[in-house]
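Numbering (this note's numbering), first residue to last: 16 to 234.
So, in structure tokens, the structure goes:
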């Protein structure tokens, strides 16, 4: 799964280099050249979005089979626990882990969806006056969003089934599983924050563009 995510992100990393080259051409050429660079950037992002959807679908399909196998094994071992109180506790913890992961990944996706909508509106407003820095920042923001979204979608497919060896190790294994979920969610959360900051940077670019346009109009 990790390898597939890396393959998915490689084209995005290449895109930021292409955008930088296009942006440099935009600054040295005419306004029409800058507009062409922005249009080309939009098409490149649309293509990468389609490629990403295919890869994510494959990751989900692969994960489903693995998760189902682990769930079946968990249920079989859960039935073997003789202490009914421990069995009920493990069952509740397992359900809670599933709920927490689902709740947080859904919230992360909502944030990323809003960021994507803002970015798309920003791209649509790109004109011939778009600077080299702004084109590069647009690409960086899209990469940050896609990286975070891929991580969130991968996190949503993860299964935190506790390892049931025997009754004596249940508490330790439960604590280990809960800690792993917390660490994984924190790592994904950081990527969502990175995406948010990358998009917020465009607001600074927009303010700069307005100031430059106002200054030019006053000349």
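C-beta atoms are modelled at their ideal positions from N, C-alpha and C, and glycine is treated no differently. The structure displayed is predicted, hence computed values, not measured ones.
Original post:
Span of the alpha helix (DSSP H) holding residue 109?
Top reply: 99-139
Original post:
How about residue 167 and residue 124: do their beta carbons lie closer than 8 Å?
Top reply: Closer than 8 Å, so yes.
Subject >> Inter-residue Cα distance where the pair is residue 5 and residue 150 >> reply: Not covered by the structure: residue 5. The range shown for the chain is 16 to 234.
Subject >> Whole-angstrom C-beta distance between residue 196 and residue 163, which should lie under 8 Å >> reply: Wrong, their Cβ atoms sit about 18 Å apart, outside the cutoff.
Original post:
Any contact of the stretch 81-93 with the stretch 167-182, i.e. 3+ C-beta pairs under 8 Å?
Top reply: yes
**OP:** State the Cα-Cα distance for the pair residue 86 and residue 161, rounded to the nearest angstrom.
**Re:** When rounded, the separation of the alpha-carbon atoms in residue 86 and residue 161 is 30 Å.
Subject >> Which of helix, strand or coil DSSP assigns to residue 160 >> reply: helix
Original post:
Are the CB atoms of residue 93 and residue 179 nearer to each other than 8 Å?
Top reply: yes
Original post:
Anyone know if the C-beta pair for residue 104 and residue 192 falls short of 8 Å?
Top reply: Not a contact, by the Cβ cut-off of 8 Å.
**OP:** Alpha carbon to alpha carbon, how far is residue 122 from residue 146? Give it in angstroms, no decimals.
**Re:** 33 Å
**OP:** Identify which residue in 214, 95, 188 and 98 has its Cα closest to the Cα of residue 155.
**Re:** 214
Subject >> Rounded distance between the beta-carbons of residue 159 and residue 95, thought under 8 Å >> reply: Not quite, the Cβ-Cβ distance comes to about 46 Å (not below 8 Å), so this is no contact.
**OP:** Measure the Cβ-Cβ separation of residue 157 and residue 116 and say whether it is below 8 Å.
**Re:** Taking 8 Å as the Cβ cut-off, residue 157 and residue 116 do not qualify as a contacting pair.
Subject >> Sequence-distant residues of the same chain with beta carbon closer than 6 Å to residue 189, five excluded per side >> reply: Answer for residue 189: 108 and 177, listed in chain order.
Original post:
Can you give the Cα-Cα distance for residue 227 and residue 204, rounded to whole angstroms?
Top reply: Reliability of the predicted coordinates at residue 227 is poor, the pLDDT of 48 falling under 50, and no value is obtained from them.
Original post:
By Cβ distance below 8 Å, which residues in the same chain neighbour residue 88 in space, the five residues on each side in sequence not counted?
Top reply: Within the same chain, residue 88 has close Cβ partners 176.
Subject >> Alpha-carbon spacing of residue 148 relative to residue 127, whole angstroms >> reply: 23 Å
Subject >> Backbone secondary structure at residue 177 - three-state DSSP >> reply: coil
**OP:** Check residue 192 in the structure and name its three-state DSSP category.
**Re:** helix
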